[in-house]
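Just so you know, the sequence shown maps onto residues 42 to 817 in the working numbering. Just so it is clear, CB atoms sit at the ideal spot from N, CA and C, and this is done for glycine as well. All values reported here derive from a predicted model rather than from experimental measurement. To start, the structure under review is shown below, and the notes come after it.
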Amino acid sequence: MTPLETTIAPLKVVGTRAVRIDAVDKATGHARFAPDLNLEGMLHARILRSPHPHARVISIDASRAWKVPGVRVILPAGEVPRVVGTWFNLRSEKEIKKLFMQDDKVRFVGDPVLAVAAENEEAAAEALDVINVEYEVLPHVFDPFEALARDDIKIHARGNVGFHVLKEYGDLEQGFAQADVVVEHRYVTSKQKHASLEPCATCIADYSSGRLTLWSASQVPHWVLMYLGLTHNLPVSRIRVIRPYVGGAFGSRAGVVPGSELMCTFLARKAGRPVRLAFSREEDFSTTESRHPFTIDMRSGVTRDGLLVAADAHIVMDVGGYGTHFVSVLADALGTGVGFYRVPNYRFEGTCVFTNKVLGGAFRGYGNPQFNFAQEQQIDALAEAIGMDPIELRIKNYRGAGEVDPVFGVQVGSDGFKECLWRGAEAIGWKGWRERKPAPAALETAGNATPSGVSGIKRGIGLAAHQHGTGARFGLPDPSSAIVMVNVDGSIDLLTACADDGQGNRTVLAQIAAEVLGVRLEDVTVSDTDTAVAPLDAGTHGSRQTYCGGVAVMRAAADARAKVLDLAAEYLGTSASRLTITDGAVRDAEAPDTSVDLPTLMRHFQVGDFSRCHQVIGSESGVTEAQPPVFGATFAEVEVDTETGQVKVVKMVGAFDIGAAINPAHCEGQITGGLTMGVGYALTEGLIIEEGRVVNPGFRDYKVLRADDVPELIPVLVESHEPTGPFGAKGLGEATMISSAAAIANAVHDAIGVRMCELCITPERILTALQESQQR
Numbered sequence: 042m043t044p045l046e047t048t049i050a051p052l053k054v055v056g057t058r059a060v061r062i063d064a065v066d067k068a069t070g071h072a073r074f075a076p077d078l079n080l081e082g083m084l085h086a087r088i089l090r091s092p093h094p095h096a097r098v099i100s101i102d103a104s105r106a107w108k109v110p111g112v113r114v115i116l117p118a119g120e121v122p123r124v125v126g127t128w129f130n131l132r133s134e135k136e137i138k139k140l141f142m143q144d145d146k147v148r149f150v151g152d153p154v155l156a157v158a159a160e161n162e163e164a165a166a167e168a169l170d171v172i173n174v175e176y177e178v179l180p181h182v183f184d185p186f187e188a189l190a191r192d193d194i195k196i197h198a199r200g201n202v203g204f205h206v207l208k209e210y211g212d213l214e215q216g217f218a219q220a221d222v223v224v225e226h227r228y229v230t231s232k233q234k235h236a237s238l239e240p241c242a243t244c245i246a247d248y249s250s251g252r253l254t255l256w257s258a259s260q261v262p263h264w265v266l267m268y269l270g271l272t273h274n275l276p277v278s279r280i281r282v283i284r285p286y287v288g289g290a291f292g293s294r295a296g297v298v299p300g301s302e303l304m305c306t307f308l309a310r311k312a313g314r315p316v317r318l319a320f321s322r323e324e325d326f327s328t329t330e331s332r333h334p335f336t337i338d339m340r341s342g343v344t345r346d347g348l349l350v351a352a353d354a355h356i357v358m359d360v361g362g363y364g365t366h367f368v369s370v371l372a373d374a375l376g377t378g379v380g381f382y383r384v385p386n387y388r389f390e391g392t393c394v395f396t397n398k399v400l401g402g403a404f405r406g407y408g409n410p411q412f413n414f415a416q417e418q419q420i421d422a423l424a425e426a427i428g429m430d431p432i433e434l435r436i437k438n439y440r441g442a443g444e445v446d447p448v449f450g451v452q453v454g455s456d457g458f459k460e461c462l463w464r465g466a467e468a469i470g471w472k473g474w475r476e477r478k479p480a481p482a483a484l485e486t487a488g489n490a491t492p493s494g495v496s497g498i499k500r501g502i503g504l505a506a507h508q509h510g511t512g513a514r515f516g517l518p519d520p521s522s523a524i525v526m527v528n529v530d531g532s533i534d535l536l537t538a539c540a541d542d543g544q545g546n547r548t549v550l551a552q553i554a555a556e557v558l559g560v561r562l563e564d565v566t567v568s569d570t571d572t573a574v575a576p577l578d579a580g581t582h583g584s585r586q587t588y589c590g591g592v593a594v595m596r597a598a599a600d601a602r603a604k605v606l607d608l609a610a611e612y613l614g615t616s617a618s619r620l621t622i623t624d625g626a627v628r629d630a631e632a633p634d635t636s637v638d639l640p641t642l643m644r645h646f647q648v649g650d651f652s653r654c655h656q657v658i659g660s661e662s663g664v665t666e667a668q669p670p671v672f673g674a675t676f677a678e679v680e681v682d683t684e685t686g687q688v689k690v691v692k693m694v695g696a697f698d699i700g701a702a703i704n705p706a707h708c709e710g711q712i713t714g715g716l717t718m719g720v721g722y723a724l725t726e727g728l729i730i731e732e733g734r735v736v737n738p739g740f741r742d743y744k745v746l747r748a749d750d751v752p753e754l755i756p757v758l759v760e761s762h763e764p765t766g767p768f769g770a771k772g773l774g775e776a777t778m779i780s781s782a783a784a785i786a787n788a789v790h791d792a793i794g795v796r797m798c799e800l801c802i803t804p805e806r807i808l809t810a811l812q813e814s815q816q817r
């Protein structure tokens, strides 16, 4: 990709800790989230869900429901058309996409069967209670390995395997023959839930005017727009998707939420009135997407001098009852994992398996945290076996600047990986700790006592590293667009469909526009996310907005800037090549006293010169050619109580190569948030499913970290300057949590000499592992 023109210097807006442009709205309660919205004449909808993990719907008797006062619409899920082939529907996923109901079967507890819209929620709930659904209960399967073995249970017509991939590089047998040390383990990861502050699905649909309008907290408004056009058989010009403020996403809204937008819009069309559909917290946890659990069998080989020579990884992914994002999640695990280290002989095999459980889907990290949990523990185990510092082993084998990964074919441009390791190690006190650390044999019997000498408390530190792509990979469409309008008073309107999930994306894009146009941040107004006015954008996912959206904004602003300079050259009687824009005025670099402020210039050409009367508009729409990898290193210090099994994370350091910090405060916020989520993934967060039913569907039983659980967090920003990114920036959001679980697991091993290969790392698993190690 051609490097962006970034000759603007010195920077005045980019690189500053600008306050978020939505901060006042949120702090004063003026920000309106989807649950705050209320339309006149609005109906309220509820969904009837399957109580069975696997069954066939024989009949539905809703006669008593129609007699409930206030009931206006009853919509069987089967009346929603099944449409495939849109945007991120990969070819391998088309037949088993999350379209409810795609036939007469239900495939997990909570699978939608029908929806009711009534004058109030109480009437809708009462109607659900009196609807009689006759089911033929079918055999079910919850374990992916059992699902692979059971030919007699077919969750989908073509079987229980949704996708299979086998990639081989080099000669695996020869590679392991060259290895002096081979390490082999099985790793198992958990089914983590997004646990956003705002439950996943609240939407309002209105078709009363003949135009379908949907208010939805989607991460991908234009994707939803296209999907609605196909399912409703309407031109997208007659559909409008408006995105209100959002209380967190993390991938949970990266598509059409199961049973949400589609059911709501069809209810609204059938009723001829606005309809509100909101999921409870229990529905959010029990019936919407979560992180795919992986079982990973991994074997790795290394020479005595620290060269990785072979790796063999076999993954079984538990997809759940329906497929969503599973092919691309597995592909991302393949690309980011295999592509990270220079291993000449590699075999990667992955199988996506359907089970009768709530489905998996997009989640921060997108398959990388699962694979990283295994790969980074393997790296540490190899380093220990050959007596090499884990940092040295990683530096010796990673793919750096100029190298191309064998999976996606992405060439590494900016590379701050070694600096991430060095600065992270310094912040955690790595060198001093390693020098004080007892030998492994002594560690198994004594461990590292705390300074206070508390009996049973062992201390350890660990690290894990990773790389993660920026933007959509796998050749998927990844467009971003921006329109920049310079107004008559010199103020700027920035039109973008950037979906801000709370990261501060809209502020960052405004900073980029302000810097290019030479105005103050407060002179830039960013449009609301509304497909009726905002141009095409792939949405907020894949750590793409700062990079992909930023490139579009930078080019649109540069387009507008060039037009402003042409007008100013005409107005001042000079050449545009001599002009610059700073502090809201166009100045002649060779004649400092020659200048015109933007309001004067714009008034002249918009309303002063009647023969011209036009507005300066800059635009850009397209895709970025590069997906530069974001490098990172996470360090953890832990205390392990060998009597209770309790693990306490004392300190976390996250060092990330972000290219350049458009807003350092936002970057640090992303890092501390990602590290916190990573601690939860390592120690406490996982859906518990018994007989197909989620038994911890809310914050009472699903353990996210409380404020007093959060360890000391140290963010480290490494700026390597990405030549294809806006002012040198690349992505960050997902990368910040990817290697936390592996770092904590390595720290636990450092403390007690036992390797923890299953998430979550609970007290029970610690005690069991200690017992087993003593018996060996």
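Cβ contact check for the stretch 69-86 and the stretch 154-162: 3 or more pairs under 8 Å
yes
With DSSP as the reference, label Leu423 as helix, strand or coil.
helix
Along the chain, where does the alpha helix (DSSP H) containing Phe74 start, and where does it finish?
Neither: Phe74 is in no alpha helix (DSSP H) and is coded neither H nor E.
Glu175 to Ala96, Cα distance in whole Å?
If I take the Cα positions, the gap works out to 10 Å.
Which residues share a DSSP beta bridge with Arg281?
Thr254
Extent of the continuous beta strand (DSSP E) to which His355 belongs
From DSSP, the beta strand (DSSP E) with His355 extends over 349-361.
Going by other Cβ atoms of all chains shown within 10 Å of its Cβ, with 16 needed for buried, is Leu161 buried or exposed?
Per the sequence shown, residue 161 should be read as Asn rather than Leu. Burial call: exposed.
Assumed close pair Leu535, Ala523 - CB separation to whole angstroms, cut-off 8 Å
7 Å
Measuring alpha carbon to alpha carbon, tell me which residue in Ile755, Thr717, Val759 is nearest Val745.
Thr717
Any idea if Cys798 is buried or exposed, counting beta-carbon neighbours within 10 angstroms, 16 or more meaning buried?
buried
I need the straight-line Cα distance from Tyr903 to Asp542, nearest angstrom please.
Residue 903 lies beyond the residue range present for the chain, which begins at 42 and ends at 817; the question has no answer from this structure.
Which value, in whole angstroms, describes the spacing of the CA atoms of Pro705 and Asp144?
One C-alpha to the other measures close to 50 Å.
May I ask which residues mark the beginning and end of the beta strand (DSSP E) holding Ala546?
Note that residue 546 corresponds to Asn in the displayed sequence, not to Ala. It is not in any beta strand (DSSP E) - Asn546 instead sits in the alpha helix (DSSP H) that spans 546-558.
Which residue comes first and which comes last in the alpha helix (DSSP H) that contains Tyr210?
Element bounds for Tyr210: not the alpha helix (DSSP H) but the beta strand (DSSP E), 202-210.
Alpha carbon of Gly454 to alpha carbon of Phe74, nearest angstrom:
39 Å
For the beta strand (DSSP E) holding Val527, just list the boundary residues, first then last.
520-527
Tell me whether Glu379 sits in a helix, a strand or coil according to DSSP, three-state version.
Rather than Glu, the amino acid found at residue 379 in this sequence is Val. DSSP, read as helix, strand or coil, puts Val379 in helix.
Between which two residues does the alpha helix (DSSP H) holding Val186 run?
In the sequence as presented, Val is not what sits at residue 186; that position holds Phe. 185-190 is the extent of the alpha helix (DSSP H) around Phe186.
So is Pro122 buried or exposed if we call it buried at 16+ other beta carbons inside 10 Å?
exposed
CB-CB under 6 Å to Ala415, same chain, minus the five flanking residues each way: which ones, in chain order?
Correct list, in chain order: Tyr228, Ile337, Met339.
Here's the rule I'm using: 16 or more other beta-carbon atoms within 10 Å means buried, otherwise exposed. How should Glu731 be labelled?
exposed
Whose C-alpha, out of Phe291, Arg345, Leu255, Leu613, is nearest the C-alpha of His303?
It should be pointed out that residue 303 corresponds to Leu in this sequence rather than to His. Selected option, being the one with the closest Cα: Leu255.
Which residues in the same chain have their Cβ closer than 6 Å to the Cβ of His655, if we skip the five residues on either side of it in sequence?
none
Cutoff 9 Å: Ser584 Cβ touching any chain B Cβ:
Judged by its chain identifiers, the structure shown contains no chain B, having just a single protein chain.
Which listed residue (Arg440, Val297, Asp346) has its alpha carbon closest to that of Phe883:
The requested residue 883 does not occur in the structure, where the chain is confined to residues 42 to 817.
Under the rule that 16 or more other beta-carbon atoms within 10 Å means buried, what is Ala198, buried or exposed?
Ala198 is exposed by the Cβ-count criterion.
Decide if the stretch 670-679 is in contact with the stretch 453-470; the criterion is three or more beta carbon pairs, one per stretch, under 8 Å apart.
Touching, per the Cβ criterion.
Assuming Thr328 contacts Ala246 under a Cβ cut-off of 8 Å, what Cβ separation, rounded to an integer in Å, is found between them?
Actually they do not touch by this definition, with Cβ atoms about 19 Å apart.
Between Val829 and Val98, how many whole angstroms is the CB-CB distance? I'm expecting something under 8 Å.
No information on residue 829 is available, as it lies outside the stretch 42 to 817 that the chain covers here.
If contacts are defined as beta-carbon pairs under 8 Å, then Gly512 and Gly772 qualify, I think. What distance do you get, rounded to the angstrom?
7 Å
Could you spell out where the beta strand (DSSP E) holding Lys692 opens and where it closes?
Looking at the DSSP string, the run of the beta strand (DSSP E) that includes Lys692 is 688-698.
Burial state of Arg132 (16 or more Cβ within 10 Å)
Low local confidence applies: a pLDDT of 41 at Arg132 is under 50, so the model's placement there is unreliable, and no value is given.
Give the straight-line distance between the Cα atoms of Thr713 and Asp749, rounded to the nearest whole angstrom.
14 Å
As assigned by DSSP and simplified to three states, the class of Cys801
coil
Nonlocal neighbours in the same chain, by C-beta distance under 7 Å from Val789, ignoring five residues either side
Closer than 7 Å at the Cβ level, and outside the excluded window around Val789, lie Gly501, Val679, Val681, Val688, Met797, Ile802.
One or two residues paired with Ile101 in a DSSP bridge
DSSP links Ile101 through a beta bridge to Val174.
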